[in-house]
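Quick note on UniProt numbering: the sequence shown kicks off at 1 and runs consecutively. By construction, the Cβ of each residue, glycine as well, lies at the ideal position given by its N, Cα and C atoms.
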Amino acid sequence: MSTNVNIPSSQSSITAPTPQNTPLTAAPINQQLSRPTVPDIQENEDEDDEDDDDELSLPRAGNNNVGQAGVSGLGPEQHAILTQLVQGKLSGLIGKSSGYIESLPVEVKRNIEALIGVQSDYIKLQKEHKKEVLELEKKYMALFTPLFDRRVAIISGISAPTEDEIKAGEEQSAKDDPDYTPLPSLSATAISPSLSAANPGMGIPEFWLTALRNHIGISELVTDRDAEALKQLTDIRVSYPSGEQLGFRIHFYFAPNDYFTDKELTKTYIYKDDLGYEGDFVYERAEGCKIHWKEDKDLTKSFEIKKQRNKNTNRTRLIRKVMNVDSFFNFFSPPVPPSEEDIENGNVDDEVLEDLEDRLELDYQIGEDLKERVVPKAVDYFTGKALEYEDMDLGSDEGDDQEFDDDDEEDDDDDDDDDVEDIPVRKRNLPPPRRGGKSQGGAGNNKEDCKQQ
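Structure, rendered in structure tokens:
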């Protein structure tokens, strides 16, 4: 039985009932619906049983908990499976068009192509801007050179610092630290000014070794064996390749030492003649140099002598086994990315490729930090002042880690068994290393001979 019902004009009404065929009494909406009394109909039981193993088991619609807790009623294992399913679906949509652009009229599509053309002109100008900035860096590097020469003279003890230099340093130290205590004058010490000027003395021993060890990433590369050689490091400089090549070169200068005959080791970072999406030059490859090690002094190798017995003659002989070991001097043998052809043909395992990309990124980041931070502000790394700014850069990452303290404590035992140490990498607006490329494959093997003494 039905009748006409006046449609209420209240704004709170969600839906308007139809004028015809409306029940006289309104049926209350009950959130706690009873389970249907109609028995379930099972179809293709065998197929359902097989599929159940691969599908997520969710509460049935008749379960009262579904209306109240929803998905929150799932257990941890079911949550993990559900998350994996959702992520799998979403990852399949990456890079796929929603169909909106394709549905636009031709006139609008032509306008879009015009905007792309305008943007391409912007990118061309941006590239010229970056090249001019690079030329400006070269100009100021020449202006910095006398200051770096003066730094070398003071560090090595060739020349004593002037009173003006000391005064300027004290003023800066007092500005940075209100609690700074000025140094006593030479007249108040046992050493006379004339004697100090005539014999500047030791300068600053182990300056560069200390500075490198105070860099978060580089310190992980320096072993105890490396330290003895790096004590003879007298200077680090940065230069730019001549000609059209884009990039920079890092020079390491050494005093005579017991490990190698080279007086200079170099590492060159080369950019592609193109910009990445972020507007920076894209890292292409790095080129190290060949180190001329003295006999049995190669710090990148470990030598082990073993006895080997002949089963037939019962005679023994000594065998020398050479093994690669971690060393800072591996920095001059940068990782070489595989060719694009090898990647496309599937000749490189995904895990190997991922590990290689991490190593390339770390290598590039250390080169950038040497150029932008360690070389220009070496004294701050020697004193440790730079660590304050390192902590500021990594502060956000450390804050994220604190949210997972409990999990980290549970995994402490597992971490102790890992041979690979996590080296912090500062994330800045730097172009990441790109995979492969025929121009990259094998390029890192073209080592230049380092300069001999």
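My output table needs one value for Arg315: the three-state DSSP class, helix, strand or coil. For Arg315, the three-state secondary structure derived from DSSP is coil.
Through-space distance from Leu265 to residue 458, alpha-carbon basis: Residue 458 lies beyond the range of the chain shown here (1 to 453); nothing can be said about it.
Give me the DSSP bridge partner(s) of Glu287. Thr268
Cα separation between Cys289 and Leu115? 46 Å
Where the alpha helix (DSSP H) through Tyr240 begins and ends: Element bounds for Tyr240: n/a, residue is neither H nor E.
What residues in its chain sit with their C-beta under 8 Å from that of Ser173, if we drop five residues either side in the sequence? Tyr180
Inter-residue Cα distance where the pair is Glu388 and Leu209: 19 Å
Can you check which of these residues, Ile218, Ser159, Leu275, is closest to Asp126 by C-alpha distance? Going by the sequence as given, residue 126 is Gln instead of Asp. Out of Ile218, Ser159, Leu275, Leu275 has the C-alpha closest to the C-alpha of Gln126.
Look up Ile106 in the DSSP assignment and say whether it is helix, strand or coil. The question names Ile, but residue 106 is Val in the sequence shown. Three-state result, Val106: helix.
Buried or exposed: where does Ile250 fall if 16 or more other Cβ atoms within 10 Å of its Cβ makes it buried? buried
Nearest residue (CA-CA) to Glu278, options Asp369, Leu299, Lys130: Lys130
Do the CB positions of Phe260 and His292 come within less than 8 Å of each other? yes
Assigned secondary structure, Cys450 (DSSP; H/G/I helix, E/B strand, else coil): Cys450 carries a coil assignment under DSSP once its states are collapsed to helix, strand and coil.
Test item: CB-CB of Asp363 and Pro334 under 8 Å: yes
Helix, strand or coil at Asp274 [DSSP, three-state]: strand
What does Glu304 pair with, by DSSP beta-bridge criteria? Lys321
Is the Cβ-Cβ distance between Phe252 and Leu233 less than 8 Å? yes
Quick one: complete alpha helix (DSSP H) runs, 4+ long, within the stretch 330 to 383? 340 to 344, 350 to 369, 378 to 383
DSSP-derived helix/strand/coil call for Lys175: Residue state, collapsed to three classes: helix.
Per DSSP, Gly247 is paired with what? Ile270
Expressed to the nearest angstrom, what Euclidean distance is found between the alpha-carbon atoms of Ile236 and Glu304? 33 Å
I'd like to confirm the pairing. Which residues does DSSP put opposite Phe252 in its beta bridges? Ile236, Leu265
What are the partner residues of Trp293, as DSSP defines its beta bridges? Phe260
Hey, Ile154 and Gly203: beta-carbon distance below 8 Å or not? yes
Where Pro376 and Lys175 are concerned, what is the direct C-alpha to C-alpha distance, given to the nearest angstrom? 20 Å
Roughly how many angstroms separate the alpha carbons of residue 515 and Ile343, rounded to a whole number? The requested residue 515 is not part of the displayed model; the chain covers only 1 to 453.
Helix, strand or coil, according to DSSP, for Val152 in the structure here? Note: Val152 maps to helix in three-state DSSP.
For Arg373, the nearest candidate out of Glu354, Tyr240, Glu295, Ile218 (CA to CA): Among Glu354, Tyr240, Glu295, Ile218, the Cα nearest to that of Arg373 is on Ile218.
Based on DSSP bridge pairs, tell me the residues matched to Arg309. Thr316
Is any non-hydrogen atom of the ligand FMN found closer than 7 Å to the C-beta of Tyr240, if you look at the structure I gave you? With respect to small molecules bound, the structure shown includes none, and the ligand FMN cannot be examined in it.
State the DSSP-derived secondary structure class of Val86, mapped to helix, strand or coil. Helix.
Could you pull the DSSP bridge partners for Phe144 from this structure? For Phe144, which the question treats as bridged, DSSP gives no partner whatsoever.
When DSSP builds the beta bridges, which residues end up paired with Phe328? Beta-bridge pairing links Phe328 to no other residue.
For Thr300, tell me which candidate among Gly169, Asn330, Ile123, Lys272 has the shortest Cα-Cα distance. Asn330
Secondary structure of Val133, DSSP reduced to three states: helix
Please report how far the alpha carbon of Leu136 lies from the alpha carbon of Gly243, in whole angstroms. 15 Å
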